[in-house]
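As numbered in the numbering used here, the sequence shown has no gaps in its residue numbers, which increase by one up to the final residue, 798. Note that beta-carbon positions come from the ideal geometry of N, C-alpha and C, so glycine has one too.
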Amino acid sequence: MFRSIKKLLYLCFLVIGISLLLLTLLSVRQRQITVTYNDISKLSEQSIFKFTTVREEVAEALILNQQSRIIRIIPEIEQLNSQISRLFNSTIIPADLKLLLV
């Protein structure tokens with residue numbers, strides 16, 4: 697009788713230990729995914745803000761016919777392009793959503 701209770705107790709400890717190990721591994725993976733999604737979200741927000749700003753500057757420069765101002769905007773456009781490229785190259789964003797970036 698005591699022998700079977702001892703085996704049952706060891707089996708319970710083993711199952712609980714494996715469950716805790718699995719839970720720890722899943723929580724680490726969840727943390728990695730959360731950090732990645734937060735980075736993508738932040739980059740997306742920055743890109744939208746930069747696009748809006750650049751669009752307004754270009755429109756204003758075109759309306760006022762100020763070519764020198766457009767030339768000063770070019771580095772911002774290049775930076776926006778690199779941000780969008782990083783979003784487009786992200787493996788987490790589904791292909792359907794990447795088409796919306798185009």
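Annotation: K702 to L717 spans about 22 Å, alpha carbon to alpha carbon. Within the segment 773-798, the alpha helix (DSSP H) runs of at least 4 residues that lie entirely inside it are, in chain order, 791-797. L776 and S737 do not touch by the CB rule: their CB atoms are close to 17 Å apart, not below 8 Å.
D735 and S700 have their C-alpha atoms some 53 Å from each other. Using a Cβ-Cβ distance cut-off of 8 Å, the segment 765-781 and the segment 741-757 are in contact, since at least three pairs of beta carbons, one from each stretch, lie closer than that value. Collapsing the DSSP output to three states places L707 in a helix.
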